[in-house]
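> Supplied in C-alpha cells, the structure appears directly below.
6 protein chains.
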Amino acid sequence: MKSIVIKIGGHILSSTAFERLLHEYNNIIRELISKGFKAYIVVGGGEYARRLISVARSLGATEAFCDEIGIWVSRLNANLMVAALKDLAYPRVPQSYEELKDLITRPEKVIVCGGLQPGQSTTAVAALISELTSSPLIIATDVDGVYSSDPKLDPTAKRIEELSYQDLAQLLYHGAALAGTFKLFDQVSLKIIERSRIVVQVVNGGVPQNVLRAALGMRVGSIIKPTKN
Amino acid sequence: MKSIVIKIGGHILSSTAFERLLHEYNNIIRELISKGFKAYIVVGGGEYARRLISVARSLGATEAFCDEIGIWVSRLNANLMVAALKDLAYPRVPQSYEELKDLITRPEKVIVCGGLQPGQSTTAVAALISELTSSPLIIATDVDGVYSSDPKLDPTAKRIEELSYQDLAQLLYHGAALAGTFKLFDQVSLKIIERSRIVVQVVNGGVPQNVLRAALGMRVGSIIKPTKN
Amino acid sequence: MKSIVIKIGGHILSSTAFERLLHEYNNIIRELISKGFKAYIVVGGGEYARRLISVARSLGATEAFCDEIGIWVSRLNANLMVAALKDLAYPRVPQSYEELKDLITRPEKVIVCGGLQPGQSTTAVAALISELTSSPLIIATDVDGVYSSDPKLDPTAKRIEELSYQDLAQLLYHGAALAGTFKLFDQVSLKIIERSRIVVQVVNGGVPQNVLRAALGMRVGSIIKPTKN
Amino acid sequence: MKSIVIKIGGHILSSTAFERLLHEYNNIIRELISKGFKAYIVVGGGEYARRLISVARSLGATEAFCDEIGIWVSRLNANLMVAALKDLAYPRVPQSYEELKDLITRPEKVIVCGGLQPGQSTTAVAALISELTSSPLIIATDVDGVYSSDPKLDPTAKRIEELSYQDLAQLLYHGAALAGTFKLFDQVSLKIIERSRIVVQVVNGGVPQNVLRAALGMRVGSIIKPTKN
Amino acid sequence: MKSIVIKIGGHILSSTAFERLLHEYNNIIRELISKGFKAYIVVGGGEYARRLISVARSLGATEAFCDEIGIWVSRLNANLMVAALKDLAYPRVPQSYEELKDLITRPEKVIVCGGLQPGQSTTAVAALISELTSSPLIIATDVDGVYSSDPKLDPTAKRIEELSYQDLAQLLYHGAALAGTFKLFDQVSLKIIERSRIVVQVVNGGVPQNVLRAALGMRVGSIIKPTKN
Amino acid sequence: MKSIVIKIGGHILSSTAFERLLHEYNNIIRELISKGFKAYIVVGGGEYARRLISVARSLGATEAFCDEIGIWVSRLNANLMVAALKDLAYPRVPQSYEELKDLITRPEKVIVCGGLQPGQSTTAVAALISELTSSPLIIATDVDGVYSSDPKLDPTAKRIEELSYQDLAQLLYHGAALAGTFKLFDQVSLKIIERSRIVVQVVNGGVPQNVLRAALGMRVGSIIKPTKN
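Residue numbers (the numbering used here), protein chains in the order written: chain B, 1 to 229; chain Y, 1001 to 1229; chain S, 2001 to 2229; chain A, 3001 to 3229; chain C, 4001 to 4229; chain U, 5001 to 5229.
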C-alpha cells in the first residue's frame, strides 16, 4: 500500500478561504484514498498561533509555554480538518508521540495531528511520521517551492526545482541569518529527512490539487531528495 | 481556607480588549490569593468557538464533535489565562474530570480549565468544581446580572437582585422558548447548584474588579441562593 | 452497516433474575450481530447504586462523589454484561469520553459502558453514543413505555405510543415537580436527542426480546421522534 | 513520620454493620493521623465479590476476567471508604501500580485502594505498599489472628501469637491442601513480606479499635516477623 | 485461529549470540504467522537485569524498586525483539495490564512485552496472557525441560517429560529450599496455569527451532498439563 | 529558591566506575539540596545505548525506533540514578513532556529523567527543563569543557573558557562537518538556550565534584552565555 504524509501550513487554514480549502482537501484526500493511498496529515498553527504566541510572550510566558500555545492552535486546526474529512478521519487528534505511534498501527482511518511538543515544529512531526511509516512527505505551504532566498523579500529569488539534503542544509544555514523570515524547514526536520532519506515535495497548498498531483508522482513545486539527477 | 470558583465567559476573552483583561484578571486573582483564597477558574469558548462550531457544522460534523471544537477553543483560552497568571497557575489545563479531580487535591496552584466533555457547558464544569470543593461560584459574563428577559432584546428587561433556585428554574423554562438567546445557565448547572445549595453571583466580567468584589462578599450583580431574604 | 445503542436500566441487573437476563441479552445481541448490526450497550447502576449512594450521602460525601459511587456500580454492572457477551464484547469498560470515542472507531467488538462523569446520567451517555454514531437509541427499562404520569403511582397513567421531542419536554417539565420519581430521561439526554434528531424507543427491558424487536423496527413500547405521524 | 498499611477484608464491608464500621474506621484513622501517622488503606472485595465472580464464571468468563470482577468490587468498596474518610482521603482510588506509586509520593492524604491486577490479591497489594513505604502491615480480617488450622472448621484450631515467615510458609503449604478455605495470605504476599522483612499483625477487623491498638504497638491478634522472640 | 504465548528467557537475549538469536526468532515467528498462528511474546530480563538489580540493591533501593529495574531491562529486551520482528510486531511494549489487555483485542500484530509490575515475574505475565487468550504457553529457557533437580548443580538431575500441575507444585515446594537457583516457575504462574488448565511446554530457547516445533505440537522438552497420560 | 538542571552523559554511567559515581552523585545532590537548591537531572544513554541502537539498525529498525531504543536505555540509567538518590528522588522517570511538566510543579522531590521522544536528544530535554524552570544548565560530560575542535582527535584543540551562543553556533556548524564525532550539543538544544538566554556550564562529569562547584557559581570547565565579558 502506498502511503503519504502531508504537512499543511497553518496559514492556509488562517486564510479567509479556509472553509473552501477544507472542503477541497476533503476531496483530494478522498481521491487519494480511493487510489489506494494511506494518508497522514499534519496541520500547522498559522497566523492565529503567531498572534496568540505574541500575546502569551507579552504576558511573560516562557518560550516553552509559548510553543504550547502554538501547539494548541495547531490541534484546533487539526480538529477542523477532522471535521472536514468526517468518517474518513480518526476522530481524535493525538497529543503525544506515543498516541501518534499507536494510531499509526490502525490502518482504517486518516490520522490528523498538530504539534506534539515544545521545541519541535509541526514540520518535524510530519518528518517523524514519514520516518515511522517510510512515506514520502509533501509540504503544502504558501509559496510554490523552495527558493534561493525569501521570494517575499527578494525579487531576484529563484525557485529551485531539485535539491539534495546538502543543498537544503546550505540554504538553511544562510537563511538562519535572516531571523526567522524564511522557515519552511528547521534543523530537526532536516536531520530526520536526511538520516532516513525521505523524499520531500514542497508545493503551494493554497491550490489543494497540487498536493494530489505531487502524491501521484507528478512534478510540481520543488523536490528534495538524496541526490540530484 | 476560603475558596472560590470563577467562570469567565469566553466572549470576554474574544473582545478586542482581551489582552488588557487578562492582565487585570491576573491582578485580581493575585489579590484574592494574597487574601487567603484558593481559586479555581473555568474559561468559556466565546465568539471564536461559535464561529468554528458553525464551520464544523457546515462541514457535516456531528453535534458532539461541534461541542468538542468549542471545548478546544475554551482550552486554548484557558491556556492564555494560564500564561497571564504565570507561576500562580498550574501549567496544564485538565482535559477530563479525573484530571481535574486530581489537580483539586494539590493546594499550591490556581487551576484553570475549559470544557471537559460534549453535552456539558463550561458553566456546568464550574458548578461541578463548586460542588467538589464546597465553594461559591462567580459567573463573570457580559451582562451585569440575571434579567427578567434578555436585556439585549427586550428594553423592559429588569435585573433581578436575588433569586432562589426555583426562580432561576422558572426563568430558564421560559427562556428555553427564546431559542438559545438567553443562556447564562443550562439545566445541568441548575441541577448541580440546586442539589448542593451553591451560592452563585452573576457579575459583569468585563470589569474584573466586579469579580473581586463579589468574592469578598460585596453585593454586585445578581445573587442566586437557596431562599430569598 | 446498521448500528444501534441500547441503554439497559440498572434495576434490570439488580433483579433476582439478573443472571438469566444476562444470558438472554447475550442471545439477542448475538442475533443482532448476526443480522449485521453494530451494537453499543450502556448499563445503568440500579438499586445497588441507589443503596450505596444513600450510604455515601449519610457519610457526608459531596453529591459529585455520590454520583461517582453510582458510576462505579454501573461500571461493575457493565463488566458483568461483558462477561455475559464473552468474546463478542470489547473487554474493557471505558471510563471517560475520550476512551469511549476511541473504542467507537474499532469496528470489531460490542462496546459496553456504564457512567462516565458526575452530573451526567447513563441515559445521557447512551444519547451521546447515538449522536456520535448516528444510531437510534433503545431504552430498556422496567416499564413498557413512556406514560402520561408515573404508572407506579397513578392508576390513570396512560402509555403514549408516539411522542415528539416537544411532547417529551412537556412531560419532563411537569414530571420534574414529582421530585425524581419519574425519571426515564433527564434534560441533557433530551437536549442531545433533540439537537441530533435521534429516534428513541422505550421498551420493557425485563423481556430482552423487546429490545430485539425494537431494533428490527417492530413497534413495541413508546417511540420518540422529531414529529408525530 | 510513622507510617502504616492497613488491609481491611472485604467481608467486613459486606456485613450488615458495614455503615457503622465505615464510621468507626473513619474515627480510628483520624486518631492515627492526629498521632502523626501516615496511613495507607487497602480494601478487599468480600462476599459481594465472591458472588459476582461466581456469576461471571458461570457465564463463561476467563479466570483473569473473574479476578477483574473481584477487583471492581474491591474498588467500589474502597470508594465507600473514601466517602467515610471525607477530606482525609485522596479522592481517587488508584487503578494501577504506577498510579499507586505516584500517589504515595504525595504526603497530604490517606490513600485508599482496592485490587490492581488479576493474579494478585488485595493482600499482595497491601504488602507491596508496605515494601514501597517501609511500613508495617496490619491485616484486619474476620478472625482474631493466625490459627494452626481453620478455626471455622476445626474446633481444635489454636491461635498462634507469634510466627516467623518460615512458620507462615509451613502453614500456607499445608493450608493449600484445604482448597481455598483458609486464605489470609497468598504466596506473593508471603514472598514480599519475607524479602523485605515486613512486620505483619493479623487482627479482628470487625472491631476497628483492634487496628488502632495494633498500629500503636500494643499486642493484639497474631504477629508475623523475621524471627520469634 | 490458533494462538500461542511464547516466554523467552532474558538470559537468551543476554548471550553473546543474541543478535543471531533475534534474527532466528524473527524467522520462526514469521513461519508461525504464515501457518495461521496469532503469537504473543513475553521477554525476560536476564543477566543484565540481575546485574543492575544487584547494583540498585547495594545503593539501598527497596525490593519493589529492584523489581522495577528488572522490569525496565525486560522492556528494553522486548523492544529489541520488536526491532527484530519489524512490521510484524505492534511497535509499543505495553507497560500495564490494561495496556496489554487493550492490545490483545487488536488482531493484526504480534504483541511483545516484558514485565508489568513488581512482585510478578515475566513468566506470570506470560501465563496471564495464556489465560486471557486461551492459548498454550511455551517457555523458552536455557535448559531443555523441567528437571528433577537443578541440572546445573546436580549431575543426577533427570529431565521429566510429562508433569501434572501437582507434580510441578511438588518440585517447586522443594526447589524453594534451594534458594533461588531453580526458578523456571513461581507460585503465581503455577496458580494461573492450574486454575485455567493451561498446557505448558518448556524447551531450550537457545535453539529457536524448538519453539517452532513445540508450537506445531511436536514433542520437545517437557510438557506440563492437567493430568499425565 | 535556586534551581539547577544537570545533564549527566550516559557514558559516565557506562563506565566501569558507574556504581561509585552514582554514590558520589547522590552525595553532591544531597549537598545541593541542603544548600537550598531544587535539582532536575537528565541522564543520557551512553555506550550501551549506542551498542543496542547499532543492533536495532542492523535488524532493520527505522531511525525513529532506533532513537526509541536509546531513550529506553537512558530511562533505565535514570532509574539507577533514582535508586542512588533514594527518598530524595521522585520514584517515577517521566516518559512524556506532559508527565515531566506535571512533576515540575511538585516541589518536594528531585526529578530524574531520560529521553522523551525520537528526534530529540537528552541534552534538548535538559535545555527544555531549564527553559520551563528558568534554571541554569550544567552539562556533565567526559571532557572538561568546549574545545575549538574535538580534543580526542586533534592535539591542537584548545578549551574555550567562555562562549556566546553565536560562538557555539559557529563551532556546531563546522563540527557538523565532522560527521557526528563532536556532539555535546545539537541544534534544538542550541535554539532553546539561545531563545531563553540560558547560562550553560560544560564540565567533566567523571568528577562529580565539578558539578557541585559549577552549581555554586565557581568557574569550572566552559561557560556559554548571552555575551562574553
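We put the CB at the ideal spot given by N, CA and C, even for glycine.
Keep in mind it's a predicted model, so treat the numbers as computed, not measured.
1) Spatial neighbours of Leu3216 (chain A) within its chain, please: C-beta separation below 8 Å, excluding the five flanking residues on both sides.
2) With distances taken from CA atoms, which of C:Met4081, C:Gly4060, C:Asn4079, C:Ala4056 is nearest Gly4070 (chain C)?
3) What is the rounded straight-line gap between the Cα of Val237 (chain B) and the Cα of Cys66 (chain B)?
4) With a cut-off of 8 Å, do at least 3 Cβ pairs link the stretch 3132-3142 of chain A to the stretch 3199-3208 of chain A?
5) Near Gly4180 (chain C), what residues of its chain come up, given a Cβ to Cβ distance below 6 Å and the 5 sequence neighbours on each side ignored?
6) Buried or exposed: which applies to Phe5182 (chain U), given that a residue is buried once 16 or more other Cβ atoms fall within 10 Å of its Cβ?
7) The alpha helix (DSSP H) spanning Gln209 (chain B) covers which residue range?
8) Check Gly180 (chain B) in the structure and name its three-state DSSP category.
9) Excluding sequence positions up to five away, which residues of its chain have a Cβ less than 7 Å from the Cβ of Asn3026 (chain A)?
10) Buried or exposed: which applies to Ala2017 (chain S), given that a residue is buried once 16 or more other Cβ atoms fall within 10 Å of its Cβ?
11) Can you find a CB in chain A that lies within less than 8 Å of the CB of Lys2086 (chain S)?
12) For Tyr3048 (chain A), write down the residues that DSSP places opposite it in a beta bridge.
13) Please list the terminal residues of the continuous beta strand (DSSP E) segment that includes Lys4137 (chain C).
14) Identify the contact partners of Asn1027 (chain Y) in chain B, using a Cβ-Cβ distance below 9 Å as the criterion.
15) Looking at the structure shown, is Val4188 (chain C) part of a helix, part of a strand, or coil, going by DSSP?
16) On the three-pair Cβ rule with 8 Å, is the stretch 2092-2107 of chain S touching the stretch 1196-1204 of chain Y?
17) For the pair the stretch 1100-1119 of chain Y and the stretch 70-81 of chain B, tell me if three or more CB-CB distances fall below 8 Å.
18) Answer yes or no: does any C-beta atom of chain S fall closer than 8 Å to that of Gly2968 (chain A)?
19) Confirm, please, whether the CB-CB distance from Ser2015 (chain S) to Phe2037 (chain S) is below 8 Å.
20) Quick one: which chain S residues come within Cβ less than 7 Å of Pro1226 (chain Y)?
21) Closer than 7 Å, Cβ to any Cβ of chain B: which residues of the stretch 4033-4066 of chain C, in chain order?
22) For Ser4058 (chain C) and Gly1114 (chain Y), I'd like the C-alpha separation in whole angstroms.
23) Measure from the C-beta of Ala3126 (chain A) to each C-beta in chain S and report whether the shortest distance is under 8 Å.
24) Please determine, among Y:Ser1130, Y:Leu1153, Y:Leu1172, Y:Val1093, the residue with the shortest C-alpha to C-alpha distance to Ala2064 (chain S).
25) Using C-beta distances below 6 Å, list every residue in its chain close to Gly3044 (chain A), excluding the 5 sequence neighbours before and after it, in chain order.
26) Starting from the N-terminal side, write out each stretch of the beta strand (DSSP E) that is 3 residues or longer and does not extend beyond the stretch 64-100 of chain B.
27) Mind reading off the beta-carbon distance from Leu4032 (chain C) to Leu4212 (chain C)? Whole number of angstroms is fine, and I expect it under 8 Å.
28) Run the CB neighbour count on Asp3087 (chain A), radius 10 Å, all protein chains shown included, and call it buried at 16 or more, exposed below.
29) What residues from chain C crowd round Pro2091 (chain S), counting only those whose CB sits closer than 7 Å?
30) In chain order, what residues of the stretch 4187-4212 of chain C put their CB closer than 7 Å to some CB of chain F?
31) Which two residues bound the contiguous alpha helix (DSSP H) that contains Ala61 (chain B)?
32) From the DSSP secondary-structure annotation, give me the bridge partner or partners of Ser3 (chain B).
33) At what residue ranges does the stretch 96-133 of chain B contain a whole run of the alpha helix (DSSP H), taking only runs of 4 or more?
34) Going along the chain, which residues of its own chain have a beta-carbon closer than 7 Å to the beta-carbon of Glu5068 (chain U), five neighbours each way excluded?
35) Identify the continuous alpha helix (DSSP H) that holds Ser3014 (chain A) and give its terminal residues.
36) Measuring only between beta-carbons, confirm whether Val3005 (chain A) sits less than 8 Å from chain S.
According to the structure data:
1) Lys3035
2) Taking only the C-alpha atoms, the option nearest Gly4070 (chain C) is C:Ala4056.
3) In this structure chain B extends from 1 to 229, so residue 237 (chain B) is not present and cannot be described.
4) The stretch 3132-3142 of chain A vs the stretch 3199-3208 of chain A: in contact.
5) Below a pLDDT of 50, predicted positions are generally treated as unreliable, and Gly4180 (chain C), at 37, falls in that range; the measurement from the model is reported next regardless. Taken in chain order, the list of residues that qualify is empty.
6) Since pLDDT at Phe5182 (chain U) reaches only 47, below the 50 mark, its modelled position is unreliable, and the value read off the structure follows with that caveat. The residue is buried, with at least 16 neighbouring Cβ atoms inside 10 Å.
7) 209-215
8) Low confidence applies here, because Gly180 (chain B) scores a pLDDT of 37, under 50, leaving its location unreliable; read the following figure in that light. Coil, per DSSP.
9) Answer for Asn3026 (chain A): Ala3084, Leu3085, listed in chain order.
10) exposed
11) It does: the Cβ of Lys2086 (chain S) has a partner Cβ on chain A nearer than 8 Å.
12) None, per the DSSP bridge assignment.
13) Per the sequence shown, residue 4137 (chain C) should be read as Leu rather than Lys. Per DSSP, the unbroken beta strand (DSSP E) holding Leu4137 (chain C) starts and ends at 4137-4141.
14) In chain order: nothing, as chain B lies at least about 12 Å away.
15) helix
16) no
17) Fewer than three pairs of CB atoms, one per stretch, sit closer than 8 Å, so the stretch 1100-1119 of chain Y makes no contact with the stretch 70-81 of chain B.
18) One cannot answer for residue 2968 (chain A) here, as it falls past the ends of chain A, which runs 3001 to 3229.
19) no
20) Simply none; closest approach about 14 Å.
21) none
22) 48 Å
23) For Ala3126 (chain A), no CB of chain S lies under 8 Å from its own CB, so it is not counted at the interface with that chain.
24) When each option's Cα is compared against that of Ala2064 (chain S), the closest is Y:Ser1130.
25) Gly3009, Gly3010, Ser3074, Thr3122
26) You should have found no qualifying run.
27) 7 Å
28) exposed
29) Lys4101, Thr4105
30) Within the model displayed, chain F is absent; protein chains B, Y, S, A, C and U are what it includes.
31) Looking at the DSSP string, Ala61 (chain B) is not in any alpha helix (DSSP H), and its letter there is neither H nor E.
32) B:Lys38
33) 97-104, 122-133
34) Pro5118
35) 3010-3014
36) no
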